[in-house]
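The structure appears right after this line, and notes come after that.
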Amino acid sequence: MTAPTPPVLSPAQRRARQLATTGLVLGVFLAALEASVVAAAMPSVIADLGGQRMYALPFAVYLLTSTVSSPLWGRASDVVGRRRLYLAGVVIFLLGSALCGLAQNMEWLVAARALQGLGAGAVLPLTLTIIGETYSLAERGRVQAFISGVWGVSGLVGPLLGGWLTDTLSWRWTFYASLPFGVAALLIAWRHLRETATPRPARLDWTGAALFTLGSGLLVWGLEGRLWAMVGLGLLILVAAVGLERRHPDPLLPMRSLRERVPRVAFAGNALGGGAYFGVIAYLPLYAQGVGGGGATGAGAILTPMLVGWTLSAMLSARLLTRVPLARLSQLGFAVLTVMFAALTFAVHSPLWVTSALGFVVGVGMGFAMLSLLLSAQERATRGELGAVTSGVLFARQMGGALGVAVMALLIGPAAIKSGGVALAEGLGRAYLLALGLVAVGLVLSLTLPRTGVRKAGEGAPQPQPEVSSD
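With the working numbering applied, the sequence shown corresponds to residues -18 to 452, in that order.
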């Protein structure tokens, strides 16, 4: 099955679409910035509000609610429409931001961060879903590559901006500063964003959705706190949720699309790539300080090349879409990842600049692989499952990252993490080997993808194609 082709637009409609896209991109920038800006402010937050024992909770609860709610927003948008849910998500995010800035104690801050994460769980998947419905594939690649660039820039700017606001004004302004821009994004989207989905009556699988939410929440929370009994319980509940979903006519998960090979590979590839990439970058700053002897600046700088590589290759992918099949781009990405993680296993005792250089190429591989897999899954999704497929791919990447961080912590070992030096380097070498195995499996899966061409922007719409089998 193939996603419908967007209609040819008049100049006025193109202008309205550009303005709506500006609002969507601004919303993504704010959500991404807020995710990174808080880290620099947390020491001041603790000094002001107390609650040192709850230091990690504002981060963990934001990750939990944004990750778990993402598939719920995506599926709900398939049923009731994208526009109203996107606007609701931005309002919830801004309300959470305001409440974070007004927090009088850590319990208040944690609850507000949970609300903020709930809104953030809507922003990125619904943005990518709306773009998937309003742009042709060639145009969509450029827009989504630009969004990847915005996300990367926010990751670089966020910690610096958070530190400056905290030192100059107050930690509360790390939350307040987003409000004027968020309101602007909301007004632009409200004025120019048009509904792209056709609301339809459906009897959602509320039991399956509740089990999926509970299981995912327990899994993410357990991984963050390394509570393995909770992780096991979460996995069992997820298995039960999938069993219910398979039998329901309107499931939360895109079960119809997952019967096809391309969406299955996209889900699995994002989980594998996310596990390798995010699992490794969680410990690279520690490696920079504990092995390379760098300070906090050096610890942050070692991640910069990876973000830059991801951003640049995502933009390059957008230019290659009309000449190179999506399957080949994903295969190229996983091939690069496989070679680079193999190289990193031999570079654990090398100078930091070597790790940074290899990390840049790792980011390049992620940019090629992740963008092409997302676009491939969107092209194979029906309009009725586009939101669920898009949010599901992002959920798979985030969940893979959470699993990767937890498993790599076990491979490195708490003693090595604490002591640093040679023990930490050797532990990170074991983590690189796991990452190598994950991306190698991703490469094998990508080789099963069918080759499909991409129309150039402006070409005539293709005739509807019959649904294809998963084999």
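Think of the CB as a built atom: it goes at the ideal place given N, C-alpha and C, for glycine as much as any other residue.
Where does the unbroken alpha helix (DSSP H) through residue i begin, and where does it stop?
i	result
Leu229	According to the sequence as given, residue 229 is His; it is not Leu. Here His229 belongs to no alpha helix (DSSP H), and DSSP marks it neither H nor E.
Val420	402 to 427
Ile111	87 to 115
Met236	Note, Met236: premise wrong, no alpha helix (DSSP H); not H, not E.
Tyr43	38 to 61
Pro244	242 to 262
Ile283	Per DSSP, Ile283 belongs to no alpha helix (DSSP H) and is neither H nor E.
Ser331	Note, Ser331: premise wrong, no alpha helix (DSSP H); not H, not E.
Leu367	367 to 393
Pro306	Counting along the chain, Pro306 falls outside any alpha helix (DSSP H), and DSSP gives it neither H nor E.
Thr155	154 to 157
Note down, in chain order, each residue of its chain lying with its Cβ closer than 7 Å to the Cβ of residue i, except the 5 sequence neighbours on either side.
i	result
Leu392	Gly408, Arg411, Ala412, Leu415
Arg153	Gly82
Ile218	Leu192, Leu195, Gly196, Leu199
Ala222	Gly189, Leu192, Phe193, Gly196
Ala22	Gly143, Thr147, Trp152, Thr155
Ser420	In the sequence on display, residue 420 carries Val and not Ser. Excluding positions up to five away in sequence, the list reads Leu253, Gly254, Ala257, Phe315, Leu318, Thr319, Phe322.
Buried or exposed, going by whether 16 or more other CB atoms sit within 10 Å of the CB of residue i?
i	result
Tyr264	buried
Leu83	exposed
Thr371	buried
Ile307	According to the sequence as given, residue 307 is Leu; it is not Ile. Leu307 is buried by the Cβ-count criterion.
Ser451	At Ser451 the pLDDT is 35, less than 50, meaning the model places this residue with poor confidence and gives no usable figure here.
Phe156	buried
Glu88	exposed
Gly250	buried
Leu405	buried
Trp291	buried
Leu174	buried
Residue i and residue j look like a contact to me (Cβ under 8 Å); what is the Cβ gap, rounded to whole Å?
i	j	result
Leu75	Val9	About 14 Å; that fails the 8 Å criterion.
Leu384	Gly348	Rounded, the Cβ-Cβ distance is 22 Å, inconsistent with contact.
Val289	Gly143	Not a contact, Cβ separation roughly 20 Å.
Leu339	Ala328	6 Å
Ala387	Ser129	That pair is no contact at about 26 Å.
Report all residues from its chain with a CB closer than 8 Å to the CB of residue i; omit the five preceding and five following residues, and keep chain order.
i	result
Leu216	Gly196, Leu200
Val71	Gly8, Gly100, Ala103, Val104, Gly163, Ala166, Leu167, Ala170
Lys437	Because Lys437 carries a pLDDT of 42, less than 50, the predicted location of this residue cannot be relied on, and no value is offered for it.
Ala316	Gly346, Leu424
Gly382	Gly255, Gly256, Tyr258, Phe259, Gly260
Arg228	none
Gln85	Leu30
Looking only at its chain, what residues have a beta carbon closer than 6 Å to the beta carbon of residue i, apart from the 5 residues adjacent to it on each side?
i	result
Ser47	Gly98, Ala101, Gly102
Met211	Leu199, Gly203
Gly4	Ala166, Ile169, Ala170
Ser50	Leu99, Gly102
Ala377	Phe248, Asn251, Ala252
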